[in-house]
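Novice: Structure in structure tokens, see below.
There are 2 protein chains.
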Amino acid sequence: MFSVQTYQSRRSTLQKQVSSGVLLFLGNIENPINFEHNTYPFRQDSTFLYYFGIPAPYLAAIIDIDNDKTIIFGNELSIDDIVWTGQQESLKDKSLKCGVQETRPFAQLASYLQQAKKSDRTIHYLPPYQSSNKLLLGELLQVNPKEINPSVPFIKAVVAQRSIKENQEIAEIEKALAVSTEMHLLAMRTAQVSIQERHIAAAIQHYAYDHNCNFAYPPIVTVHGEILHNAYQQNFLKEGDMILNDSGAETAMGYAADLTRTFPVSGRFTTRQRDLYNVVLKAFEGARERLKPGVQFKDVHLLSARHLVEGLVDVGLMKGDPEEAVQAHAHTLFFQCGLGHMMGLDVHDMEDLGEQYVGYTEQEPKDTSTFGLKSLRLGRELQTGFVLTVEPGIYIIPELIDRWKKENKLSQFINYDLLESYRDFGGIRIEDNFLITNDGFRLLGPELIKSVEDIENYRTNHVQ
Amino acid sequence: MFSVQTYQSRRSTLQKQVSSGVLLFLGNIENPINFEHNTYPFRQDSTFLYYFGIPAPYLAAIIDIDNDKTIIFGNELSIDDIVWTGQQESLKDKSLKCGVQETRPFAQLASYLQQAKKSDRTIHYLPPYQSSNKLLLGELLQVNPKEINPSVPFIKAVVAQRSIKENQEIAEIEKALAVSTEMHLLAMRTAQVSIQERHIAAAIQHYAYDHNCNFAYPPIVTVHGEILHNAYQQNFLKEGDMILNDSGAETAMGYAADLTRTFPVSGRFTTRQRDLYNVVLKAFEGARERLKPGVQFKDVHLLSARHLVEGLVDVGLMKGDPEEAVQAHAHTLFFQCGLGHMMGLDVHDMEDLGEQYVGYTEQEPKDTSTFGLKSLRLGRELQTGFVLTVEPGIYIIPELIDRWKKENKLSQFINYDLLESYRDFGGIRIEDNFLITNDGFRLLGPELIKSVEDIENYRTNHVQ
Ligand SMILES: [Mn+2]
Ligand SMILES: [Mn+2]
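Sequences listed follow chains A and B, in order.
Take the first sequence: its letter number 202 is residue 202 in the UniProt record's numbering, and every next letter is one higher.
Take the second sequence: its letter number 101 is residue 101 in the UniProt record's numbering, and every next letter is one higher.
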């Protein structure tokens, strides 16, 4: 946990921002896998962590702004419990560590809220994402779970605070990145012909766990990097394959890292692989150099797309004027998703609170209809203190090519004939994490190799 | 998956057993960790696996007994989905593999059920354990999630079937045990002074994952074996500690193993450790030899307790007549929990369906008030085809000793003075998995070393 003052000051800022009513924070529970007492690893809700820091299940908290009261609701262990669990720090003591003096049994939360409701005070709550909290909110507020109506002022105040990272948060993110960087090097050393993808995933999970971290998200470790939502890890690595490894650690305090590297199983890229890799690398570097406060991330995304198109024209897969191609969204045949997202206590930071508040503003809302832009999680103007990812890629998706080709879609920009010979090419992504600083950006964490030369040298020196 | 015939025949048996109404089966979903799209590893519901075998999320099924119709409800991937996920086997094809011809979109499930309800037909469903299915049932049946009322005939029919393991199921359990046995040997090789418990847990998870398995449950790997519900793995191993390792693999098809071994960090047990270890081993062997059809497992539990008391009397920690001590439940100061439980697709098999149906019968219900017996998950008469665990232990729990001692509880059987010098002793458990056969029992999986001599030799030969 951070200092008592950290949590007190975060809460006091929040309280001033929302100004009236009761702020309700629901912690997470231990979620059942296949029966009630066989549970997934516990992960506290990130907003609860941000304001209270306690990584324990079955807690809730309120900040009663009108009465200037902060209370944590949860149950102390009974003597019976202690027989089974051993002595544990009391809830009282845990609460004192985040500066909350008052704790009450969990069962008293409902009546507290109902009392407030009776006096026509507003109960502010955030959008629930775990079903258990949807059920709980229904009970607490005596509404149908379908009628849950989160508080926009509460969401906006939380987003405003959590978006600007404190130095101690950046230090935690860099801790996650130090471990993640080693995970990526280990993956490069582990990969070899005829092992399964899951073998690599298991090795890097082992490394993360040994270094007091977990995965921040289910890793993508695949020879089919073009499949963007890919959890399958049963393929065997073959000579000539590239591996796309998108994985990151989460520290014990909950801070994430999110790195992607793509490297050849055989130690050397083929000519085609090297050429497209360098196109992605140029798009990455072009985007990175543009990062600074006041810039719209949507523009950085489109700039990166422009670099991709220029490179694809050089390779011969695209043609025509790159600027016009980007305006026509022709790059989305190769780059279907977004350039990056906010990162912090969540790998997609605050995604539970709603992309429209985190990645966009009311003045500059998301384009939810254009293929490509509708998958861009972050579009807004950057501010000092934002932490975000930059992750351009080229993905050769046979199903998408077939659809576009059938319609002869944007054929003034696409060289469909040559593209046919790339059908099985796969996908390439390069991803690092950056802090926006007053005068630009800072790479977070150690520098992880990414040039063709560095990767080939590393692979050559480390593979048996 | 097993053969088409397997699933067809299981369903046909079930259908005959329940005889009328609609049987509703809810599969599991991908559960959110910290936001909707960051999810825990998917695990299908075990009963759904048993009757349909499809390990994919967002499915439900019905067996409409009155109309002799079986339908799987779920959504086929759209062409848009395929761009993100790659080509996947269709739901139709998956369903054919378990012999179900008819599939419908998930959204049609509610109206099917409401139709049946209107014609006053019974909709049978099982107790939901994941909150998502509590919410879903509420919506499907248009009732408050608190008014959910599972079908006892359905539960009983499922329990009757799943309790008797088929040969192919036993083969799967033995696959899980083959991997688990290696995990335990690896743990013994990995343990050494000054590493953290989590280091061992990470190593065995790595092994499981490399061998196409997952953990069947969160492993207990601890120097505090006396803490029965212990997920903490941050302790550093010290000379003189014992490690209790309760961990098991789950195969890709969902079958579990559940093994416990306790071994000394230093390679050799101390005299006290060896003596109590041998007491537990004798209780283990005594219980094992008693396993056969027709025997009440509650009696095996009490017999095992009697062996523990006899050993504890020899050591001097207990006194008086062992039979009387067990009748007075004096052994529960050392052995607070149950001797074992059913095992299969769940590590505590069918625990979601209710212990009163799985481990007990109406004629011989559970003793829910006596300390010790109230934690015995299995008490009923054994039948050929049951798979269960045997896991006696001795747990020296300071908090419990203090409570009993203050009341001078059962002091005719307990040597409280000597016990004081054992306060920091820890805990020992030995656990294997058995099949009940016509003429007794069969150890499942490979034999995993458990004598003091074998463990000390193995540790000595394998620790650097
Ligand atoms: Mn990312
Ligand atoms: Mn067990």
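Glycine residues also receive a C-beta, built at the ideal position from the N, C-alpha and C atoms.
Because the structure is a prediction, the values reported are computed rather than measured.
Under 9 Å between C-beta atoms, does H184/A make it to chain B?
Specialist: no
Novice: Using the C-alpha atoms, what's the distance from F106/B back to R380/B?
Specialist: Taking the straight line from one Cα to the other gives about 39 Å.
Novice: Would the beta-carbon of G267/A fall within 9 Å of that of T6/A?
Specialist: A distance of 9 Å or more separates the beta carbons of G267/A and T6/A.
Novice: M350/B: which of I155/B, V452/B and G138/B sits nearest, CA to CA?
Specialist: I155/B
Novice: Write down the C-beta distance between G138/A and R429/A rounded to the nearest angstrom, noting that I regard them as a contact closer than 8 Å.
Specialist: In fact, because the Cβ distance is near 40 Å, the residues do not count as touching under 8 Å.
Novice: Report yes or no: is there a C-beta of chain A within less than 9 Å of the C-beta of P365/B?
Specialist: no
Novice: Residues in the region 158 to 191 of chain B with C-beta within 8 Å of chain A's C-beta atoms, listed in sequence order?
Specialist: none
Novice: What's the gap between the Cα of Y395/B and the Cα of T332/B?
Specialist: Their Cα atoms are separated by approximately 9 Å.
Novice: Check whether the region 144 to 158 of chain A and the region 114 to 126 of chain A are in contact - that is, three or more C-beta pairs closer than 8 Å.
Specialist: yes
Novice: Residues of the region 73 to 95 of chain A with a CB closer than 8 Å to any CB of chain B: list them in chain order, please.
Specialist: I79, I82, V83, W84, T85, G86 and Q87
Novice: Starting from E250/A, trace the beta strand (DSSP E) in both directions and tell me its first and last residue.
Specialist: A249 to T251
Novice: Just the chain A side, please: which residues come within less than 8 Å of V347/B by C-beta, in chain order?
Specialist: N38
Novice: Mind pulling the chain B residues with CB within less than 7 Å of S132/A?
Specialist: S131
Novice: Look up I455/B in the DSSP assignment and give the residues it is bridged to.
Specialist: Bridge partners of I455/B: none, in fact.
Novice: For A287/A, report the span of its alpha helix (DSSP H) as first-last.
Specialist: It spans T271 to R290 - the alpha helix (DSSP H) in which A287/A sits, taken as one unbroken run.
Novice: In chain order, what residues of the same chain lie with their CB nearer than 6 Å to the CB of K298/A, ignoring the 5 residues before and after it?
Specialist: G379
Novice: Can you check whether the C-beta of E351/A is within less than 9 Å of a C-beta belonging to chain B?
Specialist: yes
Novice: For a quick check, are the C-beta atoms of H199/A and H37/B less than 9 Å apart?
Specialist: Not closer than 9 Å, so no.
Novice: Which of helix, strand or coil does DSSP assign to M183/B?
Specialist: helix
Novice: Kindly indicate which three-state DSSP category H211/A falls into: helix, strand or coil?
Specialist: In this structure, H211/A counts as coil in the three-state DSSP scheme.
Novice: Count the other C-beta atoms from every protein chain shown that fall within 10 angstroms of the C-beta of V193/B, then say buried if there are 16 or more, exposed otherwise.
Specialist: exposed
Novice: Is the region 399 to 418 of chain B in contact with the region 383 to 391 of chain B, if contact means three or more CB pairs nearer than 8 Å?
Specialist: Because the criterion of three Cβ pairs below 8 Å is not met, the region 399 to 418 of chain B and the region 383 to 391 of chain B do not touch.
Novice: Could you tell me whether the Cβ of F35/B comes closer than 9 Å to any Cβ of chain A?
Specialist: yes
Novice: Just checking: is the beta-carbon of A201/A within a distance shorter than 9 Å of some beta-carbon in chain E?
Specialist: Of the protein chains in this structure, namely A and B, none is chain E.
Novice: How about R198/B: is its C-beta nearer than 9 Å to some C-beta of chain A?
Specialist: yes
Novice: For H124/A, write down the residues that DSSP places opposite it in a beta bridge.
Specialist: L23/A
Novice: Can you list the alpha helix (DSSP H) stretches of 4 or more residues lying completely in the UniProt domain "Aminopeptidase P N-terminal" (2 to 134) of chain B, in chain order?
Specialist: For the alpha helix (DSSP H) assignment, the uninterrupted runs of no fewer than 4 residues enclosed by the UniProt domain "Aminopeptidase P N-terminal" (2 to 134) of chain B are, from N- to C-terminal side, 4 to 18, 46 to 52, 79 to 85, 91 to 96 and 108 to 118.
Novice: Starting from G311/B, follow the alpha helix (DSSP H) in both directions and report where the run begins and ends.
Specialist: F297 to V315
Novice: Select from L418/A, L291/A and F335/A the residue whose C-alpha is nearest the C-alpha of D432/A.
Specialist: Of the listed residues, the one whose Cα sits closest to D432/A is L291/A.
Novice: Could you tell me how far apart the beta carbons of G99/A and V158/A are, in whole angstroms, since I believe they sit closer than 8 Å?
Specialist: About 18 Å separates the two Cβ atoms, so there is no contact after all.
Novice: Are I79/B and A61/B touching if we call contact CB-CB under 9 Å?
Specialist: no
Novice: Is DSSP giving Y395/A helix, strand or coil here?
Specialist: Here Y395/A sits in strand by DSSP.
Novice: With distances taken between CB atoms, is the gap from V358/B to M342/B smaller than 9 Å?
Specialist: Remark: C-beta atoms of V358/B and M342/B approach each other more closely than 9 Å.
Novice: Quick one: does Q115/A have its CB under 9 Å from some CB of chain B?
Specialist: no
Novice: Quick one: what's got a C-beta closer than 8 Å to F215/A's C-beta in the same chain, skipping five residues either side?
Specialist: Q205, A208, S247, G248, A249 and E250
Novice: Would you tell me roughly how many angstroms separate the C-alpha atoms of R272/B and G286/B, rounded to the nearest one?
Specialist: Cα-Cα distance, rounded: 21 Å.
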